[in-house]
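The structure under discussion appears below in the form of structure tokens.
There are 2 protein chains.
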Amino acid sequence: MAFEKKDLKKRSKNLSDWYNDVVVKAELADYGPAKGSMVIRPYGFALWERVQEIFNSWIKPYGVENAYFPLLIPMSLMEKEKSHVKGFSPELAVVTHGGGKELAEPLAVRPTSETIMYHMYSKWIKSHRDLPLLINQWNNVVRWELRTYLFLRTAEFLWQEGHTAHATEEEAIKMQTDALAWYRKLYEEHFAMPVVVGIKSEKEKFAGAKTTYSVEALMPDGKALQAGTSHNLGQNFSKAFEISFQDAESNSQHVWQTSWGLSTRSLGGLFLTHGDDQGLLLPPKLAPTQVVILPINNSQSEKVIENILERLISIDVRARVDNREELSLGRKINYWELKGVPLRIEIGDKELADESVTVIRRDTFEKTSLKLDKEFSDHILHLLTEIQDNLFNTAKKFLTENTHEVDSYDQFKEIMKTKRGFIKAYWCEDSECEAKIKSDTKATTRVRELDQKAGNGKCVHCGKPAKFVWHFAQAY
Amino acid sequence: MAFEKKDLKKRSKNLSDWYNDVVVKAELADYGPAKGSMVIRPYGFALWERVQEIFNSWIKPYGVENAYFPLLIPMSLMEKEKSHVKGFSPELAVVTHGGGKELAEPLAVRPTSETIMYHMYSKWIKSHRDLPLLINQWNNVVRWELRTYLFLRTAEFLWQEGHTAHATEEEAIKMQTDALAWYRKLYEEHFAMPVVVGIKSEKEKFAGAKTTYSVEALMPDGKALQAGTSHNLGQNFSKAFEISFQDAESNSQHVWQTSWGLSTRSLGGLFLTHGDDQGLLLPPKLAPTQVVILPINNSQSEKVIENILERLISIDVRARVDNREELSLGRKINYWELKGVPLRIEIGDKELADESVTVIRRDTFEKTSLKLDKEFSDHILHLLTEIQDNLFNTAKKFLTENTHEVDSYDQFKEIMKTKRGFIKAYWCEDSECEAKIKSDTKATTRVRELDQKAGNGKCVHCGKPAKFVWHFAQAY
């Protein structure tokens, strides 16, 4: 609580030092006792609850239902789909003892739930009338990790994982595409983060998938963040888990599947994208508190403040008053700036006399005097919308300015050594060539944008013929 | 989907056979692949989401904030409070390997989160200004168990666990009492389940608590279900974890703590309490679908049905239409009766001609013809309220009729051998006496009701002086 502004590390100096500092000081999260672990504190969790609320409001009307599957997966199930277990086994946490005894078969703490869910799907799906099966889970998963980077890299994280089964591949691909569209919308309209949307390379796709789509965001240090993925699993899992159905003609067929996930990592991307040297900067659509009201003179303004609060709450603005008597106004301002609350209202004697308040934007620090008249609420809503748009436009401008189209490998290497960002370049789609680029530049293929028309290019690295331009970047 | 009513086991014959059958057939839950594990299917999970929504709407305005703490707890933390680890160690699932290596220190999969949360609280709490600290988690916990009784006994379950820290014991006891009141309200007003509310005996209290309060429900087989608990932890954990604060006079003090929890077990109690030979019977306030509309003649009634659906949804009635063409009306009726939907609306040619619908109550099977006039929606709301009340009153009557005041041990034993239920009797509060009663009758002390005035009784078992009457029962 007793936050000293001067203590906060400068974002303008070192992004990652600032990030580690602000996440803890703004009470978003803290380090847990075990290596790689994280505690999500109430202020951080309130943001995750907002994400859940928004995402549920899209998936439920679409017909996706939430459910809950077990945390602990028998190793024999994990091993049923070969490329899947190969991808995940190095990251598993394994329960070997339960109830004081060594287990006959060890249990994996789920790193993702394909195997356990599809084991159940094979019991539940019998007929084409059982399809599509559209299930989502909000849960915790563990992928072994010893170095914590709060939200961005932790052994345990929270996420949603959607898992669907369909009668045809066309339907599955539509689902995969629709899930990707939800992720894009979530980032662009709510997180105020522009994203690049596309398909992953063979090497970068999900272990067990036929294709992986991804939304990729660009962080202020020029590194990309894989921010949500949607997989066409084809029939890989339905064959391994024997998930089949009788079609309308009574023929037995394997189902076509998708899975798609978005995690608390997204919040790390959010905090990195919008802050400044004063602290966080939360987009109004996500901010747990959108407007904080600071009384300069408590006793006199009480009724007016109560009235403002009521007016804002009545139009669904998430507003609150900071009445703490032990803190000076300056300390309170520092506190709420650190917390990234989009709008601050100050009200003192001068304002009272004038029947107005002073409103300060967190993004531009612009001060406006607003009359407490009929239009007051509309002005507040308008300002919140402006802040949301400004954050998005600023991030969009950054993305555009830091996306480099290159056609020589020297240029490629030079950019990755200096300013980084996205590089757009033709690539031959050969995995060895991709590995070579990575070892030279630390950059990996991020995505090939969807709906891209095939061209006649040359691979930026090896010069072989290349049909498509890919986004490359160093990644989180 | 292809449910045959005749297949459902009879509740009137054997409650637990019926329960196991209906939970699977109504698609509330299923057995997971590992021993003791359970899958909560969408219909069951929708009920848990309702519980979350209701409970959050109470705790958040009270000032309790949701957060998320790590799943995996270092064993050294588990061991800090001696009676706590003693209580939980026989039930632990233990991770010994991570990332392909044996861990230097094994990690317990949380059976409850006192230890990991209070480790963090000791970092966060410094001053009386940091108090009270009111945090809740919705998460999964594991307590080793090999035999699954869906919802009622599973190795992993979902729950909420509230954990608070206060400056004084009075505040802590108020919190403990308020949490208990939420549980009582949740059961009585939403689950339509009357509960007995009181304090646990020394032997039955939570491992590490000073006192435990509990709400106890009576199942139709005469066994009690511990349905939610609220603990005064005193300073047991704050001393073990060094959680102290400077009070207003700058003296260092240990905080006073509470924890309180309610789990998916509650849903097991709900299903046991209200069903019948036709299937589930869900109280309207919890039912994911409150009203199902069955068209008898699809083509003609489409517009009328669309209109009814809109009217109901506009007043927040959770209504849906069953349009499935592959099922006969009879099959649909069986299906929705199995699912326990409180009200069914049938609409066919007769009803269309008459501008009315037939409404059938799930609890009494009473049929009413309702005109589609201005009062239609009010009638539906009224019927839903009546069903809610009827379910509660029926359960209340059962509880009253199956609560036996006894003063002889022979009577006690006879009742526990035959009809069971709650027994109210004076008890000396001696643990050995309690153990003897349990070994004779399988009955344990459930609670001593709060606010009970001390009397001058004799212990029903040993005859020694006893001040208070206790509720005894065999328990789930």
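Line by line, the protein sequences give chains R and D.
Residue numbers for the first sequence follow my numbering, beginning at 35 and rising by one.
Residue numbers for the second sequence follow my numbering, beginning at 35 and rising by one.
We put the beta carbon where it would ideally sit given N, CA and C, even for glycine.
Just checking: is the beta-carbon of residue i within a distance shorter than 7 Å of some beta-carbon in chain R?
{"i": "residue 111 (chain D)", "result": "yes"}
{"i": "residue 122 (chain D)", "result": "no"}
{"i": "residue 152 (chain D)", "result": "no"}
{"i": "residue 54 (chain D)", "result": "no"}
{"i": "residue 91 (chain D)", "result": "no"}
{"i": "residue 118 (chain D)", "result": "no"}
{"i": "residue 41 (chain D)", "result": "no"}
{"i": "residue 128 (chain D)", "result": "yes"}
{"i": "residue 190 (chain D)", "result": "yes"}
{"i": "residue 368 (chain D)", "result": "no"}
{"i": "residue 73 (chain D)", "result": "yes"}
{"i": "residue 76 (chain D)", "result": "yes"}
Less than 7 Å between CB atoms is the rule here; does residue i satisfy it with respect to chain D?
{"i": "residue 174 (chain R)", "result": "yes"}
{"i": "residue 178 (chain R)", "result": "yes"}
{"i": "residue 141 (chain R)", "result": "yes"}
{"i": "residue 272 (chain R)", "result": "no"}
{"i": "residue 104 (chain R)", "result": "yes"}
{"i": "residue 68 (chain R)", "result": "yes"}
{"i": "residue 295 (chain R)", "result": "no"}
{"i": "residue 101 (chain R)", "result": "yes"}
Since residue i is in the alpha helix (DSSP H), which residue starts that stretch and which ends it?
{"i": "residue 450 (chain R)", "result": "443-451"}
{"i": "residue 216 (chain D)", "result": "203-219"}
{"i": "residue 365 (chain R)", "result": "363-372"}
{"i": "residue 436 (chain R)", "result": "Taken as a continuous stretch (DSSP letters only), residue 436 (chain R) belongs to no alpha helix (DSSP H), as it is neither H nor E."}
{"i": "residue 307 (chain D)", "result": "299-308"}
{"i": "residue 235 (chain D)", "result": "Taken as a continuous stretch (DSSP letters only), residue 235 (chain D) belongs to no alpha helix (DSSP H), as it is neither H nor E."}
Going by C-alpha to C-alpha distance, which of the options sits closest to residue i?
{"i": "residue 395 (chain D)", "options": "D:370, D:409 and D:385", "result": "D:370"}
{"i": "residue 77 (chain R)", "options": "D:69, D:98 and D:321", "result": "D:98"}
{"i": "residue 288 (chain R)", "options": "R:277, R:282 and R:297", "result": "R:277"}
{"i": "residue 281 (chain D)", "options": "D:339, D:163, D:498 and D:331", "result": "D:163"}
{"i": "residue 146 (chain D)", "options": "D:329, D:242 and D:414", "result": "D:242"}
{"i": "residue 495 (chain D)", "options": "D:454, D:452 and D:442", "result": "D:442"}
{"i": "residue 102 (chain D)", "options": "D:298, D:220, D:81 and D:170", "result": "D:170"}
{"i": "residue 50 (chain D)", "options": "D:60, D:254, D:269 and D:431", "result": "D:254"}
{"i": "residue 450 (chain R)", "options": "R:427, R:479 and R:414", "result": "R:479"}
{"i": "residue 64 (chain D)", "options": "D:183, D:455 and D:157", "result": "D:183"}
{"i": "residue 258 (chain R)", "options": "R:57, R:71 and R:436", "result": "R:436"}
{"i": "residue 237 (chain D)", "options": "D:160, D:465, D:53 and D:55", "result": "D:465"}
{"i": "residue 132 (chain R)", "options": "D:136, D:132, D:122 and D:139", "result": "D:122"}
{"i": "residue 397 (chain R)", "options": "R:427, R:391 and R:93", "result": "R:427"}
{"i": "residue 409 (chain R)", "options": "R:368, R:391 and R:239", "result": "R:391"}
{"i": "residue 187 (chain R)", "options": "R:196, R:176 and R:194", "result": "R:176"}
{"i": "residue 210 (chain R)", "options": "R:161, R:262, R:190 and R:179", "result": "R:262"}
Residue i bridges to which residues according to DSSP?
{"i": "residue 72 (chain R)", "result": "R:65"}
{"i": "residue 155 (chain R)", "result": "None; residue 155 (chain R) has no bridge partner."}
{"i": "residue 285 (chain D)", "result": "BP columns for residue 285 (chain D) are empty, so no partner."}
{"i": "residue 329 (chain D)", "result": "D:381"}
{"i": "residue 390 (chain R)", "result": "R:405"}
{"i": "residue 492 (chain D)", "result": "D:499"}
{"i": "residue 95 (chain R)", "result": "According to DSSP, residue 95 (chain R) bridges with nothing at all."}
{"i": "residue 414 (chain D)", "result": "Note: residue 414 (chain D) sits in no beta bridge, so no partner."}
{"i": "residue 258 (chain D)", "result": "D:252 and D:509"}
Locate the beta strand (DSSP E) running through residue i, then write down its first and last residues.
{"i": "residue 57 (chain D)", "result": "Run containing residue 57 (chain D): none in the beta strand (DSSP E); it sits in the alpha helix (DSSP H), 49-59."}
{"i": "residue 379 (chain R)", "result": "377-381"}
{"i": "residue 135 (chain R)", "result": "135-143"}
{"i": "residue 277 (chain D)", "result": "Here residue 277 (chain D) belongs to no beta strand (DSSP E), and DSSP marks it neither H nor E."}
{"i": "residue 116 (chain R)", "result": "Element bounds for residue 116 (chain R): not the beta strand (DSSP E) but the alpha helix (DSSP H), 116-122."}
{"i": "residue 457 (chain R)", "result": "456-461"}
{"i": "residue 252 (chain D)", "result": "245-252"}
{"i": "residue 101 (chain R)", "result": "Looking at the DSSP string, residue 101 (chain R) is not in any beta strand (DSSP E), and its letter there is neither H nor E."}
Hey, residue i and residue j are a contact pair by Cβ (cut 8 Å); roughly how many whole angstroms apart?
{"i": "residue 312 (chain R)", "j": "residue 376 (chain R)", "result": "Incorrect: roughly 13 Å between the Cβ atoms, too far for contact."}
{"i": "residue 292 (chain D)", "j": "residue 198 (chain D)", "result": "5 Å"}
{"i": "residue 82 (chain R)", "j": "residue 206 (chain R)", "result": "Wrong, their Cβ atoms sit about 28 Å apart, outside the cutoff."}
Can we count residue i as close to the ligand HEM, meaning its CB is less than 6 Å from some heavy atom?
{"i": "residue 430 (chain D)", "result": "In terms of ligand content, the structure shown is empty, and the ligand HEM therefore cannot be addressed."}
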